[in-house]
Amino acid sequence: MESAAEYTQRLVKNGARAHKSMGQVFLMSDEVIDRIVSASTLEPDVPLVEIGPGLGVLTRILAPRVHKMWAVELDNHKIGILNKELSGQSIEIVNQDALKLDLSELWGEKKGYLVGNLPYYITSPLIMHFLEQADRLSGMTIMVQKEVADRIAAPPGSKTYGILSIAVQISAQVTKVMDVLPSAFWPAPKVTSAVIRLDLRPYPGFNVDTKSFFRVVKAAFSQRRKTLGNSLTGGLGLKKEEVIERMQGAGIADGRRAESLSIEEFQVLTKAFQ
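In this text, residue positions in the sequence shown follow the working numbering: the first is 1, and each later residue adds one.
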């Protein structure tokens with residue numbers, strides 16, 4: 001089999017192009033592909049979907065490992081290449097915006113697995129779109145901008161810990177697989193990427209209304225430089241005295257910062273403001 005670089009170079013010579021407007025870059029590293037494959041749950045009977053297959057450099061490695069695979073690609077030109085290069089394999093090419101993809105339409109009531117090199121400009125919305133379909137997914141191995149990966153995996157107390165960290169971590173166990181240098185792609189992007197694995201599961205002991213929980217979380221981070229008491233006062237539209245009273249009742253000091261609170265503490269705070 002051709003190496004990733006040989007495969008990509010052959011297709012580029014035959015007219016394949018990366019569209020900057022769609023955030024396209026082509027992965028050319030066999031090492032990165034091997035790490036993505038080894039980090040993923042690829043079992044023959046587990047449905048698999050790949051988001052943004054591009055030229056199919058990863059798709060051709062994934063497909064033989066499962067009975068059925070779907071590749072979701074918006075670029076019609078790339079679809080023509082995929083159909084030619086991957087003919088004969090058990091792959092269904094889906095010409096659709098991934099943000100509108102309903103996994104139950106692909107494999108019904110089963111739980112499948114997702115792999116993808118997510119476009120940087122819609123990374124967060126895509127991740128949340130698929131986390132909302134957790135009843136149809138067991139996990140994901142995704143490549144994102146390193147900065148986003150760091151935010152997703154950030155623990156309480158770190159500078160990068162915030163709403164995205166909490167939103168992902170209440171739905172999935174996050175594992176950092178590897179950083180990926182720009183040289184692994186053509187054309188080389190200006191940023192470093194990272195591969196992360198998300199194992200979907202209910203957060204242990206999560207026992208508050210999700211909508212109320214995120215109302216408090218978003219209010220807490222609405223003025224990140226301010227103390228928690230001040231942020232909640234403005235974000236929830238309450239009087240400062242009432243906020244302090246409720247926080248004291250919950251055992252959380254109003255002088256703390258939002259990034260210092262764990263998910264468990266945000267649950268306690270949510271109950272205090274319901």
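Ideal placement from N, C-alpha and C gives every residue a C-beta, glycine not left out. These numbers come from a predicted model, not from an experiment.
Original post:
DSSP beta-bridge partners for Y113?
Top reply: For Y113, DSSP records a beta bridge to L48 and G139.
**OP:** Quick one: residues in its chain with C-beta nearer than 8 angstroms to the C-beta of V243, no 5 flanking neighbours on either side, listed in chain order?
**Re:** Taken in chain order, the residues that qualify are G229, L232, T233, L236 and D254.
Subject >> E147 versus V177: straight-line alpha-carbon distance, rounded >> reply: Cα to Cα, E147 sits roughly 14 angstroms from V177.
Subject >> From Q24, Y7 and V12, residue whose alpha carbon lies closest to that of P189 >> reply: Per the Cα distances, Q24.
**OP:** Would you mind reading off the limits of the beta strand (DSSP E) that contains Y247?
**Re:** It is Met, not Tyr, that sits at residue 247 in the sequence shown. Premise fails: M247 lies in the alpha helix (DSSP H), K240 to A250, not in any beta strand (DSSP E).
Subject >> S124, enclosing alpha helix (DSSP H) - first and last residue >> reply: For S124, the enclosing alpha helix (DSSP H) has its first and last residue at T123 to L131.
Subject >> Residue range of the alpha helix (DSSP H) that includes D34 >> reply: For D34, the uninterrupted alpha helix (DSSP H) run begins and ends at D30 to A39, by DSSP.
Original post:
Nearest to V66 by alpha carbon, out of G251, R17 and V49?
Top reply: For V66, the nearest C-alpha among the options comes from V49.
**OP:** Report yes if the CB atom of M140 is closer than 7 angstroms to the CB atom of N117, and no otherwise.
**Re:** Their beta carbons are not under 7 angstroms apart, which means M140 does not touch N117 by this criterion.
Subject >> Alpha-carbon to alpha-carbon, M1 and T123 >> reply: Distance between T123 and M1, taken at the CA atoms: about 31 angstroms.
Subject >> Whole-angstrom C-beta distance between E85 and G52, which should lie under 8 angstroms >> reply: Not a contact, Cβ separation roughly 16 angstroms.
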